[in-house]
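Residue numbers (the UniProt record's numbering): 1 to 347.
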C-alpha cells in the first residue's frame, strides 16, 4: 500500500456507500417530495420503485439507462479512490442488465486544503476504470467545497425486454452473489490504520472489479431479478428485492462469501458504524440473526457484487454459462412465499 502525504479518509465521516442517507430518512424524503408520482409511459424504470437506475425507452428496441453515484473517500490513495468510485457507479448500469456507453464525472474538492494534483489522480483512476469498461469519461462538473466527493453519472443502453429490475423474483428462485462481502469492514480497518497490505489489496481487488457480467446476464431470461449490493448491505438490498416481488427469502449464513481476512477484523469489532444503522432499519423484518452475524449481513458495501434471482429449473445451465464467462458465483439462499418475516437467516 503506497503512502500518500494526505489521508483522504480523514475527510470522510462515512466513507464510500456507507455515507448513504439512512433508509428510513430516504423513504421520508422521497415520499414527502412527491417524487414517487410518475406518468410518462416511456419511463420504464423510475424512482416509484427502489431500483438501481432510471430507464427510458427511445424506440421499440432501445432504452437508455441513466444513473449517478458519488461519495466521500473510502481509501487514502486518490487514484484508488477514483477507481473504486467509477466501478461503483458503472455497477448500476450493469445491475439493470445494460451496457454503459459513456460517463461524466462529479467532483467536489476543497482546493484550498487538498492539492489539486490529488484530484487529478482521482480523475486518472476513474479514467482507468472507464477504459477497462470500454467507455469514455466524456466530461463532468466540479465545485469547490469543504468535502472531497467523487463519482460518475453514467449513461447506458439496454433492450426494453432485457431490463433486469430488483423486483420480479419468483418463489423457489435461487439467490446468487457475484462478489464476496466485507468491503465496509476492510475500509474501516484502513481508516483506523489497522489494515495489512495484503488485506488492502483484497479490498481493491473486490471494489475495483467491474460487474460487467451484468450486461451478459441481461440476455438470460432465467434471471428474474437483479440488483447490486451497496450501502444498505446484503440484508437491505435483499429486503428490497423481496418487498418488490411480494416474497420472503431464506439465507444460509454459512454460504455467505467473505473477502479473505474480513473475519479477523470483525473479531476485533472493526466495522463501520453504519452497520448498526442498517441493522436498526431492517432487524424488525429479519429473524435468525445471532450476535455479530449482523455484521456480515449489514456491512455497507461499496462497489459490491450483483445479487440475482435465478429460476431453479435452469440452475445447471446458468451456472455453466457463468463458468464459461469466468464469473465466480455463490449460491446463498432462496426466495419463498411471503412469510411473517421478510428474511430468515439459517445458521
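Cβ coordinates follow ideal geometry from the N, Cα and C atoms, glycine included.
(request) Report the option in 173, 315, 319, 63 whose CA atom is closest to the CA atom of residue 351. (result) The structure shown does not extend to residue 351, since the chain is modelled only from 1 through 347, so no value can be given for it.
(message) For a test of the three-state rule: what should DSSP assign to residue 96, helix, strand or coil?
(response) Three-state result, residue 96: coil.
(message) Quick check on residue 146: does DSSP put it in helix, strand or coil?
(response) coil
(message) Under 8 Å: do the stretch 179-191 and the stretch 302-318 share three or more Cβ pairs, one atom per stretch?
(response) With a cut-off of 8 Å, the stretch 302-318 and the stretch 179-191 count as touching, because enough Cβ pairs lie within range.
(message) Less than 8 Å between the C-beta atoms of residue 95 and residue 109, yes or no?
(response) no
(request) Check residue 172 in the structure and name its three-state DSSP category. (result) Here residue 172 sits in coil by DSSP.
(request) Would you please state the rounded distance, in angstroms, between the beta carbons of residue 226 and residue 214? I believe it to be under 8 Å. (result) 7 Å
(request) Please classify residue 153: is it buried, with 16 or more other beta-carbons within 10 angstroms of its beta-carbon, or exposed? (result) buried
(request) Go through the stretch 185-261 residue by residue and report every complete run of the alpha helix (DSSP H) that reaches 4 residues or more, in order. (result) Counting only runs of 4 or more, we get 197-207, 213-217, 233-245.
(request) In the DSSP assignment, find the alpha helix (DSSP H) that holds residue 322 and state where it starts and stops. (result) 315-324
(message) Give me, in chain order, the residues of the same chain whose beta-carbon lies closer than 7 Å to that of residue 146; leave out the 5 immediate sequence neighbours on both sides.
(response) 110
(message) Taking contact to mean 3 or more Cβ pairs, one atom from each stretch, closer than 8 Å, check whether the stretch 66-74 and the stretch 133-150 are in contact.
(response) yes
(message) Please classify residue 254 as buried or exposed, where buried requires at least 16 neighbouring CB atoms within 10 angstroms.
(response) With fewer than 16 Cβ atoms within 10 Å of its Cβ, residue 254 is classed as exposed.
(request) Determine which residues share a DSSP beta bridge with residue 69 and list them. (result) 152
(request) Look at the alpha carbon of residue 337 and the alpha carbon of residue 271, and state the distance between them as a whole number of angstroms. (result) 33 Å
(request) Please name the residue in 219, 331, 77 whose C-alpha comes closest to that of residue 8. (result) 77
(message) If you reduce the DSSP assignment to three classes, tell me which class residue 81 lands in.
(response) helix
(message) Please return the same chain residues whose Cβ sits closer than 7 Å to the Cβ of residue 201, not counting the five positions on each side in sequence.
(response) Once the five neighbours on either side are set aside, residue 201 has no close Cβ partner at all.
(request) Pick helix, strand or coil for residue 158, following the three-state DSSP scheme. (result) In the structure shown, residue 158 adopts extended strand secondary structure according to DSSP, grouped into three states.
(message) Based on DSSP bridge pairs, tell me the residues matched to residue 54.
(response) Looking at the DSSP output, residue 54 bridges to 66.
(message) With a threshold of 7 Å (Cβ to nearest heavy atom), would residue 73 be considered close to the ligand FAD?
(response) For the ligand FAD, the structure offers nothing, since it holds no ligand at all.
(request) Report the rounded CA-to-CA distance for residue 263 versus residue 176, giving the unit in angstroms. (result) 21 Å
(message) So, at 8 Å on beta carbons, what are the nonlocal neighbours of residue 208 in its own chain, with the 5 sequence-adjacent residues on each side left out?
(response) 80, 83, 84, 87, 129, 303
(message) Measuring straight from C-alpha to C-alpha, what distance separates residue 206 and residue 144?
(response) 31 Å
(message) Given this structure, state the Cα-to-Cα distance separating residue 126 from residue 248, to the nearest angstrom.
(response) When rounded, the distance between both Cα atoms is 37 Å.
(request) Could you tell me the distance, in whole angstroms, from the CA atom of residue 244 to the CA atom of residue 165? (result) 9 Å
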